[in-house]
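Heads up, the sequence shown is in our numbering, so the first residue is 12 and it goes up one at a time.
Backbone N, C-alpha and C define an ideal beta-carbon position, used for all residues, glycine too.
Below is one structure, written out as structure tokens; the observations come after it.
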Amino acid sequence: MKKQIAIFLIILFSPIIKSLAQVQLSGYVYDKVENRSLPGAKIQLEGTILGAVSNNDGYFKITKIPKGNYNLMVIASGYETYKERILLLSDTTISIGLKIKEISKPEVVVTASRRMQSYEDVPLSITTIDQDYFKGKNYFEMKEYVNFVSGVNVSADNISIRGSSGFQFGAGSRVTLLVDGFPFLSGDIGEANLNIISPDIANRIEILKGSGSALYGSSAMGGVVNLITKEPENALTISTQVNSGVYTNPKYEEWKYTDNIRTKSNITTTILANNSVGKLLVNAQYINDESYRMFNRSNKINFYGRYIKPFNGGKRLGFFAFANYIHSDDAKYWKGAYNATLPQEDFDLSRRIERSRFAVGVDYLSPIGLNSFYQIKTSLYRTNFESNLPKTDNNYRQSTSYSNFNEFQINHHLFKNSMVTSGITIINNWVNSFQYGDRKQSLFSFFTQGEFSILERKLEATGGIRLDYDVSDSSENFFEISPRFGLIYKIMSGFNIRTSVGKGFRVATISERFSSIRAGGYTIEPNPNLSPEKSWNFELGTSFDKEIFGWSWFIDGAIFYTRYQNLIEPQFDTNASTPTIRFRNIANSEIKGFDISIRTRPHKNFETNFNFTYLDPLDLNTNEVLKFRSRFYVTSGINFTYENLNLSLPYKFVSKIVKVEEQLRFILKDYAVRVPIHLLDFNASYNFNSSKLPLEVTFSVQNLLDYYYIDLVGNLAPTRFISLGLKYTFQK
Numbered sequence: 012m013k014k015q016i017a018i019f020l021i022i023l024f025s026p027i028i029k030s031l032a033q034v035q036l037s038g039y040v041y042d043k044v045e046n047r048s049l050p051g052a053k054i055q056l057e058g059t060i061l062g063a064v065s066n067n068d069g070y071f072k073i074t075k076i077p078k079g080n081y082n083l084m085v086i087a088s089g090y091e092t093y094k095e096r097i098l099l100l101s102d103t104t105i106s107i108g109l110k111i112k113e114i115s116k117p118e119v120v121v122t123a124s125r126r127m128q129s130y131e132d133v134p135l136s137i138t139t140i141d142q143d144y145f146k147g148k149n150y151f152e153m154k155e156y157v158n159f160v161s162g163v164n165v166s167a168d169n170i171s172i173r174g175s176s177g178f179q180f181g182a183g184s185r186v187t188l189l190v191d192g193f194p195f196l197s198g199d200i201g202e203a204n205l206n207i208i209s210p211d212i213a214n215r216i217e218i219l220k221g222s223g224s225a226l227y228g229s230s231a232m233g234g235v236v237n238l239i240t241k242e243p244e245n246a247l248t249i250s251t252q253v254n255s256g257v258y259t260n261p262k263y264e265e266w267k268y269t270d271n272i273r274t275k276s277n278i279t280t281t282i283l284a285n286n287s288v289g290k291l292l293v294n295a296q297y298i299n300d301e302s303y304r305m306f307n308r309s310n311k312i313n314f315y316g317r318y319i320k321p322f323n324g325g326k327r328l329g330f331f332a333f334a335n336y337i338h339s340d341d342a343k344y345w346k347g348a349y350n351a352t353l354p355q356e357d358f359d360l361s362r363r364i365e366r367s368r369f370a371v372g373v374d375y376l377s378p379i380g381l382n383s384f385y386q387i388k389t390s391l392y393r394t395n396f397e398s399n400l401p402k403t404d405n406n407y408r409q410s411t412s413y414s415n416f417n418e419f420q421i422n423h424h425l426f427k428n429s430m431v432t433s434g435i436t437i438i439n440n441w442v443n444s445f446q447y448g449d450r451k452q453s454l455f456s457f458f459t460q461g462e463f464s465i466l467e468r469k470l471e472a473t474g475g476i477r478l479d480y481d482v483s484d485s486s487e488n489f490f491e492i493s494p495r496f497g498l499i500y501k502i503m504s505g506f507n508i509r510t511s512v513g514k515g516f517r518v519a520t521i522s523e524r525f526s527s528i529r530a531g532g533y534t535i536e537p538n539p540n541l542s543p544e545k546s547w548n549f550e551l552g553t554s555f556d557k558e559i560f561g562w563s564w565f566i567d568g569a570i571f572y573t574r575y576q577n578l579i580e581p582q583f584d585t586n587a588s589t590p591t592i593r594f595r596n597i598a599n600s601e602i603k604g605f606d607i608s609i610r611t612r613p614h615k616n617f618e619t620n621f622n623f624t625y626l627d628p629l630d631l632n633t634n635e636v637l638k639f640r641s642r643f644y645v646t647s648g649i650n651f652t653y654e655n656l657n658l659s660l661p662y663k664f665v666s667k668i669v670k671v672e673e674q675l676r677f678i679l680k681d682y683a684v685r686v687p688i689h690l691l692d693f694n695a696s697y698n699f700n701s702s703k704l705p706l707e708v709t710f711s712v713q714n715l716l717d718y719y720y721i722d723l724v725g726n727l728a729p730t731r732f733i734s735l736g737l738k739y740t741f742q743k
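Shown next as structure tokens:
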């Protein structure tokens, strides 16, 4: 009996006993080559919520650590991730020297499992755009960066990953756009627009290829783009960037519609502050574009602000506010291939359209004991667009939508080398629209995913499931189950193989169900009976990160297969007297293919990359190629750095679209004109920091070859654009 009482007391008071046996870990993080301190490095004890960020002197301290063995991970932008197995039995002080990354490659990601984890632990294909990629480029908009990612194509407001999307007439996205984990999808058309956010706020962009529905639900069927914003490292940093450039005259006389110089200009200001009150990011951007096409001018204002307040015990409260305003001409298609810079015949040149977007959000993170934490997020995203035409005009368009996002997530270590992520998501969409009517839509979701490390962390297994229930006031309700399973086996350090299988789905947007539009010579009719799209995605891949013959190599490749059911595509009604489009469910289709990415640095100043994607998109009903898809995608680049000089030559090739919608001939001249895409840019920058002048000069030539192509039906893509930029940075 006494023995049983003793065991009971040990169990009862074990948390108190454990809390008494606590130690601290402190130290310094520094550049191993230049022997200077590194502020802003993240120090994490894997498998726990314990961590810290180094201060301006590179110093950090983690307290209240139970005695034991831990996997220490240190992350700093531009440096190799540091990992070490460490035994903590008493207060310990260490120094951690980090090596500069030899080549640009993913190190740590948060999108794959809704938490920070090493790239080598992810069983999915994921590409990152980090600070090294942003440096030295004179691009004004986010699209221009993402468009050079292998297997990704961005046209107008549509993002397609591995051929997941074709031509959608501006409705529905199969890729979810996140900013710091908050969704930026409009409540009416489900638009994922990259260009509403300034590139200057981005710390990195993570692109998940393949279905992300098991964790992110509807609209993540084709993948996820997650923009992670900068966190301030210094007490105060203020930067102002001014860029301006000109479009060169077209080669063909028929395309020259003006003798005036057509310009595009940008001014961006970013403030980063870090003090005892909290961390602050504020950005404002203005872009004026006179365009390379007649009646395609636009003025754009972007604003983004984020405030993070840390509290004792690892708690954190965050706020964000966002605004976007665009006033532009309202031309949609060209007059024809021989007049590609002119709008359609008899187009009303007085037409304008105004678009505005606003969002606010709050997130709160708090630990639960040592091995768990929970996070609460809520946001409201409002979008509005309206043309300047009278409501009696057939081309009048107006829509106001609200999307309210609410989420509770908990991450818990059940036992050693395991992590379970679970949560509940509620999304409410309200729409007041001239062409869609007054509509409501709600999505209720539960998700859970477990990650387990076995065989001394050589094998990582992931399994999860998501339940979604879609409720609409004007159509049938739907219930979806989306499972996912993945494995990654580490053959040796820097070399692994991975496999994953998962189900994806996408609920039809309000615009796809209820569009009633007459514009551009055609009519879009509603179809409230649309069923959700469904898919199964399989992938087998490998990653290699080693040094061979003195060269650093990073190679990542995968073969993939996606089977679609009820794919929603715009279809022409051939029985109608006038060109009429309805969104319909295509019974079955599939996309299979492979991709490979190779990065190497033959010299410390010289880096190259080559990326290739092959797609075989097939409509299983007709045994023909899916419309508006290409088969081959190639991106490559050369980057040269010497002291403060940076030169780069990025290149993109996309093979000619195999098949288009033949019924477009009724509404669009030269609808079938299409060519392969050959896009070559040149970028140069010089930073005067070594002269104690906080100024950076950038020079770019986009579309260096002045190659003419279309990236959207009936729309000439941007011609050659030459620009110069100046960036001044004050740092305290």
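(Q) Which residues does DSSP list as the beta-bridge partners of phenylalanine 506? (A) Met503 and Phe555
Q. Residue range of the alpha helix (DSSP H) that leucine 226 falls in?
A. 224-227
**Q.** Residue range of the unbroken alpha helix (DSSP H) whose run includes glutamine 142
**A.** 142-145
Q: Measure the CB-CB distance between asparagine 599 and leucine 631 and report whether it falls below 8 Å.
A: yes
Q: Can you tell me which of the three DSSP states valine 157 falls into?
A: helix
Q) Using the C-alpha atoms, what's the distance from lysine 427 back to asparagine 467? A) Correcting the residue identity first, residue 467 is glutamate in this sequence and not asparagine. Their Cα atoms are separated by approximately 11 Å.
Q: Report the rounded CA-to-CA distance for glycine 475 versus asparagine 382, giving the unit in angstroms.
A: C-alpha of glycine 475 to C-alpha of asparagine 382: approximately 20 Å in a straight line.
**Q.** leucine 219 versus asparagine 700 - alpha carbon distance
**A.** 35 Å
Q: Report the rounded CA-to-CA distance for glycine 147 versus threonine 280, giving the unit in angstroms.
A: 17 Å
(Q) Which residue wins for smallest C-alpha separation from serine 608, given the options Gly256, Tyr344, Asp556 and Phe369? (A) Asp556
Q: Just confirm the distance between the C-beta atoms of phenylalanine 525 and phenylalanine 571, as a whole number of angstroms; I'd bet it's less than 8 Å.
A: Going by Cβ atoms, the distance from phenylalanine 525 to phenylalanine 571 rounds to 34 Å, so no, they are not a contact pair.
(Q) Within 8 Å, do at least three Cβ pairs link the region 478-491 to the region 447-458? (A) Taking 8 Å as the limit for Cβ pairs, the verdict is that the region 478-491 does touch the region 447-458.
Q) Which residues in the same chain as phenylalanine 145 place their Cβ atom closer than 8 Å to its Cβ, once the five residues preceding and following it in sequence are excluded? A) Tyr156, Pro210 and Ala213
**Q.** Minimum C-alpha distance to glutamine 296 - residue among Gly316, Gly51, Ser287 and Val288
**A.** Gly316
Q.
So for glycine 324, helix, strand or coil by DSSP?
A. helix
Q | Top-ranked residue by Cα proximity to isoleucine 597, from Asn622, Ser546, Leu498 and Leu425 | A | Ser546
Q. Going by other Cβ atoms of all chains shown within 10 Å of its Cβ, with 16 needed for buried, is isoleucine 21 buried or exposed?
A. Residue confidence for isoleucine 21 is low, a pLDDT of 44 falling below 50, so the modelled location carries little weight; the figure read from the coordinates is stated next. Isoleucine 21 should be labelled exposed.
Q) Near tyrosine 682, what residues of its chain come up, given a Cβ to Cβ distance below 6 Å and the 5 sequence neighbours on each side ignored? A) Leu675 and Arg676
**Q.** Contacting residues, own chain, Cβ-Cβ under 8 Å from proline 590 (five flanking each side not counted)
**A.** Gly532, Tyr533, Thr534, Phe583, Gln674, Phe677 and Ile678
(Q) Strictly under 8 Å for the Cβ-Cβ distance: is tyrosine 653 near chain D by that measure? (A) No chain D is present in this structure, which holds just one protein chain.
Q. Mapping DSSP to helix, strand and coil, what is phenylalanine 571?
A. strand
Q: Figure out for me which residue from Lys743, Asn405, Val724 and Lys738 has the closest Cα to the Cα of phenylalanine 178.
A: Val724
Q: Work out the CA separation of glycine 108 and asparagine 46 for me, nearest whole Å.
A: 8 Å
Q: Please report the Cβ distance between asparagine 286 and alanine 246, rounded to the nearest whole angstrom; I am assuming they are in contact, meaning their Cβ atoms lie under 8 Å.
A: 6 Å between Cβ atoms; contact.
**Q.** Segment contact flag, the region 708-720 with the region 216-234, C-beta cutoff 8 Å, min 3 pairs
**A.** no
(Q) Cutting at 7 Å between CB atoms, please list the residues of its own chain near proline 613, excluding the five before and the five after it. (A) Closer than 7 Å at Cβ, skipping near neighbours: Trp562.
Q. What's the gap between the Cα of leucine 31 and the Cα of isoleucine 73?
A. Model confidence at leucine 31 stands at a pLDDT of 47, short of 50, so the residue's coordinates are unreliable; what they give is reported in the following sentence. Between leucine 31 and isoleucine 73, the C-alpha separation is close to 16 Å.
**Q.** Distance between beta carbons of aspartate 359 and serine 398, contact taken as under 8 Å
**A.** Incorrect: roughly 10 Å between the Cβ atoms, too far for contact.
Q. Where do the N-terminal and C-terminal ends of the alpha helix (DSSP H) with serine 522 fall, by residue?
A. 521-525
Q) Roughly how far, in whole angstroms, is the beta-carbon of aspartate 132 from the beta-carbon of isoleucine 502, given that I think they are within contact range, below 8 Å? A) With a Cβ gap of about 14 Å, aspartate 132 and isoleucine 502 do not count as contacting.
Q. Distance, Cα to Cα, histidine 423 vs serine 433?
A. 9 Å
Q: Name, in chain order, the residues that DSSP records as bridge partners for glutamate 635.
A: For glutamate 635, the pairing in a beta bridge is given by DSSP as Asp630.
Q) With 16 as the cutoff for other CB atoms within 10 Å, does asparagine 254 come out buried or exposed? A) Asparagine 254 is classed as buried because its beta carbon has at least 16 other beta carbons within 10 Å across all chains shown.
Q. Taking buried to mean at least 16 other C-beta atoms within 10 Å of its own C-beta, is tyrosine 263 buried or exposed?
A. exposed
Q) Fully enclosed by the region 286-311, which beta strand (DSSP E) runs are 3 residues long or longer? A) Listed in chain order, the complete beta strand (DSSP E) runs (minimum 3 residues) inside the region 286-311 are 289-300.
Q: Note down, in chain order, each residue of its chain lying with its Cβ closer than 6 Å to the Cβ of leucine 706, except the 5 sequence neighbours on either side.
A: Contacts found: Phe699 and Tyr739.
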